[in-house]
Amino acid sequence: MVAITALKKDDVLYDVVSQKAGNTTLRHQAVYRVLVTEVAEDHSYVMARWNGNAERKYREGQVKKWRRTPPKKD
Numbered sequence: 073m074v075a076i077t078a079l080k081k082d083d084v085l086y087d088v089v090s091q092k093a094g095n096t097t098l099r100h101q102a103v104y105r106v107l108v109t110e111v112a113e114d115h116s117y118v119m120a121r122w123n124g125n126a127e128r129k130y131r132e133g134q135v136k137k138w139r140r141t142p143p144k145k146d
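Going from the sequence shown to this note's numbering is simple: count from 1 and add 72.
Next comes the structure, spelled out in structure tokens:
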């Protein structure tokens, strides 16, 4: 979904992951907000905050899994 070259500072994206629901075999989707704080000039990485945590460096492999819009709720 998202390429580093298309990102700008202060873009808000969403990371959707599958998580276990407690001590069961059931799984559910968790949606986390990602705020881009910096984009490298050569577009090799972005600095972003994930779910309100401290910012860190993300490269193309992780960034391409993020989405521009959150998934629809069932």
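For each residue, glycine too, the CB sits at the ideal point set by N, CA and C.
Determine the DSSP secondary structure at residue i, reduced to helix, strand or coil.
| i | result |
| --- | --- |
| Thr77 | helix |
| Glu113 | coil |
Could you tell me if residue i is buried or exposed, where buried requires 16 or more neighbouring beta carbons within 10 angstroms of its beta carbon?
| i | result |
| --- | --- |
| Ala78 | exposed |
| Asp87 | buried |
| Val89 | exposed |
| Val118 | buried |
| Ala120 | buried |
Using only the alpha-carbon positions, how far apart do residue i and residue j sit?
| i | j | result |
| --- | --- | --- |
| Arg99 | Gln91 | 5 Å |
| Lys80 | Ala102 | 24 Å |
| Val108 | Gly94 | 31 Å |
| Val106 | Ala112 | 17 Å |
Am I right that residue i and residue j are in contact with their C-beta atoms under 8 Å? What's the rounded C-beta distance?
| i | j | result |
| --- | --- | --- |
| Arg74 | Arg131 | Per the sequence shown, residue 74 should be read as Val rather than Arg. Not quite, the Cβ-Cβ distance comes to about 13 Å (not below 8 Å), so this is no contact. |
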